[in-house]
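In the working numbering, the protein residues as written are 4 to 261.
The C-beta atom is built at its ideal place from N, Cα and C for all residues, glycine as well.
These figures come from a predicted structure and were not determined experimentally.
To start, the structure under review is shown below, and the notes come after it.
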Amino acid sequence: MKRFIATALTGGIVIIGVYFLPHGTWASLGQLPMHPLIVHGVVVLLPLIGVALIPLLFNRRWLSRLHYIALIALAIVTVAVLAAASSGNSLAAAVGLPEEHAEWGNILVFVAMALYGAFVIYLFFAIYLPSKFLSQLLGLIVGGVAIGSVILTILVGHSGATSVWESKYASSKVPIALSQDKFTIDEVRKHASPEDCWTVIDGYVYEMTSFINRHPAGSRAILRLCGRDGSNDFREEHSGQKEPNSWLETLRIGKLKN
C-alpha cells in the first residue's frame with residue numbers, strides 16, 4: 004500500500020505543480036510553438052488510456068497486474084493535457100484565440116484531472132482496502148469520466164482542426180478566375196517561369212504559379228509544364244483520377260485560342 008500511496012501522491016503533486024506553473028512555461032521550443040507538438044500526443048494517448056481503463060474495471064486480475072502502469076500513464080497524459088492547454092493559450096497570443104477549441108480544451112483539463120483523482124480513489128477501494136459497494140460506485144464514475152474524456156478529446160481535436168484548416172482549405176478550392184478568356188499558345192509561352200507559370204491541358208489554359216509549391220509530388224512536376232502544352236504529361240500521371248482534376252479546375256483561367 005505504501006508504494007501505491009507514494010506513486011499516487013507523486014503523480015498528484017506533479018499534476019498540481021504543472022497546473023500552477025507560470026503562464027508561458029510551455030509557450031515554445033526554440034522557434035517553434037509547443038502547442039502543435041504536444042497536442043498530437045494528447046489526442047492519441049488520452050483516448051487510448053481512457054478506453055484501456057474500461058476493461059480493467061471489469062477484470063480484477065488485470066487491474067491488480069496493470070494498475071501501476073495505468074496510473075503512471077494517466078498521470079503523464081494529464082500533465083500533457085495541462086501543457087497543451089497552457090501552450091494553446093500562449094499560441095493564441097500570436098495567432099488569435101479559437102474560442103470553441105479553447106473552451107473544450109479548458110473543460111478537458113478538469114476532466115483529465117478528475118479522471119486521475121477518481122482512478123486513484125477507485126484503486127484504493129478496489130485493491131488496497133476492498134469495498135464492494137464503493138469499488139462498484141467508483142468504477143461507474145471512473146468509467147463515465149473515461150468515456151467523457153474520450154468524447155471531449157474528439158471535440159477538442161475537431162474544433163482545433165476546424166479553426167486551423169477549415170477556412171484555408173475552403174479558400175484553396177475557390178477558382179482563381181471568375182471569367183474565362185481566350186489565349187494563344189504564344190501567350191502561354193510567355194509565362195514559363197516559376198514566378199509566372201501557365202500551361203495548357205486539353206485545350207484549356209491554367210495559371211499554375213500558386214500550385215507549384217503545393218503539388219504533392221513536388222514542384223518539378225509543375226515546373227516542367229510551364230509555358231507549354233502539358234496535356235500528355237498530365238494524362239500520363241492523372242488519367243481518370245478525380246482529385247487532381249478537381250484541383251486543376253480551380254486554376255483554369257481560360258481556353259486555348261486556335
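- Here residue 89 really is in contact with residue 28; their C-beta atoms are around 6 angstroms apart, less than 8 angstroms.
- In the assembly as shown, residue 181 is an exposed residue. Its beta-carbon has fewer than 16 other beta-carbons within 10 Å.
- Taking 3 residues as the minimum length, the beta strand (DSSP E) runs contained wholly in the stretch 158-232 are 184-186, 199-204, 207-210, in order along the chain.
- By the neighbour-count criterion, in which 16 or more other beta carbons inside 10 Å mark a residue as buried, residue 219 falls on the exposed side.
- For residue 96, the closest C-alpha among the options 44, 199, 38, 10 is that of 38.
- With fewer than 16 other beta carbons inside 10 angstroms of its own, residue 54 counts as exposed.
- With respect to the 8 angstroms criterion, residue 234 and residue 204 are classified as neighbours on the basis of their beta carbons.
- Under the 8 angstroms Cβ criterion, the stretch 10-19 counts as touching the stretch 72-81, having at least three qualifying pairs.
- In the DSSP annotation of this structure, residue 256 is not part of any alpha helix (DSSP H); the continuous beta strand (DSSP E) holding it starts and ends at 255-259.
- Residue 138 sits buried, since 16 or more C-beta atoms from the chains shown fall within 10 Å of its C-beta.
- Straight-line spacing of the CA atoms in residue 109 and residue 8 works out to 28 angstroms.
- Classified as buried, residue 45 has 16 or more neighbouring CB atoms from the shown chains inside 10 Å of its CB.
- Rounded to the nearest angstrom, the gap between the Cα atoms of residue 107 and residue 5 is 36 angstroms.
- Per DSSP, reduced to three states, the secondary structure at residue 132 is coil, with no helix or strand assignment.
- Scanning the stretch 23-64 from its first residue to its last, the whole alpha helix (DSSP H) runs of 4-plus residues come out as 38-61.
- Inter-residue distance for residue 119 and residue 144 is about 11 angstroms (C-alpha atoms, whole angstroms).
- Here the alpha carbons of residue 227 and residue 195 stand approximately 9 angstroms from one another.
- Here DSSP, grouped into helix, strand and coil, assigns residue 101 to coil.
- In this structure residue 152 does not touch residue 123 by the C-beta definition: roughly 15 angstroms separates them, more than the 8 angstroms allowed.
- Between the C-alpha atoms of residue 206 and residue 221 there is a straight-line separation of about 24 angstroms.
- Between the stretch 246-260 and the stretch 166-185, the count of C-beta pairs closer than 8 angstroms reaches three or more; the two stretches touch.
- For the 8 angstroms CB-CB criterion, residue 94 and residue 156 do not form a contact.
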